[in-house]
Amino acid sequence: MVTGGGMGPDDDGVSFAHALATLKEQGSALLVVGSVPEEMFADASATMLGDPSADPPRRRLVVTPEPNRSSAIRRLRETGPLSSEYARLVTRGEEARSAAATERLLDQARPRTHVIDGSIRDLGTTIGEVIEEFDLFAGGLDAAEFRMAFDCLPTLLSAYGRETAFRFLHAVVAQARAVSGLVHFRLPRPFDSELVRLFRPLFDATVELRIDGESLDQRWHFRDRELTSDWLPIDRPSGRSE
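Following this line, the structure appears as structure tokens:
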């Protein structure tokens, strides 16, 4: 999940490495914040979805609004197999349904897609069903084998408000914790904003993103430890094509 430097002093570096290892061993929920372009968030998200050379491959789910569909498919393609036992996409709306149907007709290499036309309850149910299916495919998921990127938090806040979004996140995080998954949720707001302060208690750590020149950097804030990392560079893939 993290590439690049450490914390500075050796003791802090060891503490940071231990904190990251604990998140992986036990599964965790991460809040990813900071106002960076969609493409750069997608790069950070891909590192959290897992190494494409992992054996066995990670079982990955991306939940995204329809406008970010291409980014979601690219992330799944870059991080492992696209077969249905390893990759799923959840998106919403009639445009998403039409796009999914077109992809099937063209026989394009795409992950299995679940299109949600209904309520926030339907979205939560679908996420739960995908987790159950992955668990069955795996014969029981190992810690951090299930990975999820959730890009829809701004959409939920706009459609349903803070209270409903908070309850929804609480339920989805609980589903992921039940299988020791490693999941992350995007909230493109400054780290010190009121909205980030509202949601941070739901998560094991908050990952802050920034652009420094041409570099995309991350800084980790751990909820249950008085521990914040240095700014660390994220290795970004090059030469992409959709």
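The sequence shown begins at 994 in the numbering used here and counts up one residue at a time. Idealized CB from N, CA, C, for every residue including glycine. These numbers come from a predicted model, not from an experiment.
At the level of alpha carbons, what is the spacing between residue i and residue j?
i: G1043; j: G1154; result: 31 Å
i: D1120; j: V1083; result: Reading off the sequence shown, one finds Ile at residue 1120, where the question assumed Asp. Approximately 8 Å, taken between the alpha carbons.
i: S1028; j: D1048; result: 34 Å
i: A1010; j: S1151; result: 37 Å
i: L1225; j: S1063; result: 27 Å
i: A1037; j: T1072; result: 12 Å
i: S1008; j: R1212; result: 15 Å
i: H1107; j: L1149; result: 18 Å
i: E1138; j: P1045; result: 12 Å
i: R1182; j: A1035; result: 16 Å
i: A1142; j: L1069; result: 10 Å
i: A1102; j: R1081; result: 12 Å
i: E1187; j: R1193; result: 10 Å
i: D1197; j: R1052; result: 21 Å
i: S1222; j: H1214; result: 7 Å
i: G1132; j: A1169; result: 16 Å
Terminal residues of the continuous alpha helix (DSSP H) containing residue i?
i: T1199; result: Here T1199 belongs to no alpha helix (DSSP H); instead the beta strand (DSSP E) covers 1198 to 1205.
i: V1189; result: 1187 to 1192
i: D1128; result: 1113 to 1131
i: D1036; result: 1031 to 1042
i: S1064; result: 1062 to 1071
i: R1146; result: According to the sequence displayed, residue 1146 carries Leu and not Arg. 1146 to 1153 is the span of the alpha helix (DSSP H), which, as asked, contains L1146.
Quick one: what's residue i bridged to in DSSP?
i: L1225; result: Q1211
i: S1021; result: L1175
i: L1180; result: V1026
i: L1054; result: R1081, M1141
i: R1105; result: R1081
i: L1134; result: According to DSSP, which records beta bridges pairwise, L1134 is partnered with nothing at all.
i: L1220; result: F1215
Are the beta-carbon atoms of residue i and residue j separated by less than 8 Å?
i: A1012; j: L1175; result: no
i: V1165; j: L1054; result: no
i: E1201; j: V1056; result: no
i: D1210; j: I1227; result: yes
i: E1078; j: F1159; result: no
i: F1178; j: L1016; result: no
i: N1061; j: E1031; result: yes
i: L1162; j: L1195; result: yes
Can you tell me where the beta strand (DSSP E) with residue i in it begins and where it stops?
i: F1143; result: 1139 to 1143
i: T1084; result: 1080 to 1085
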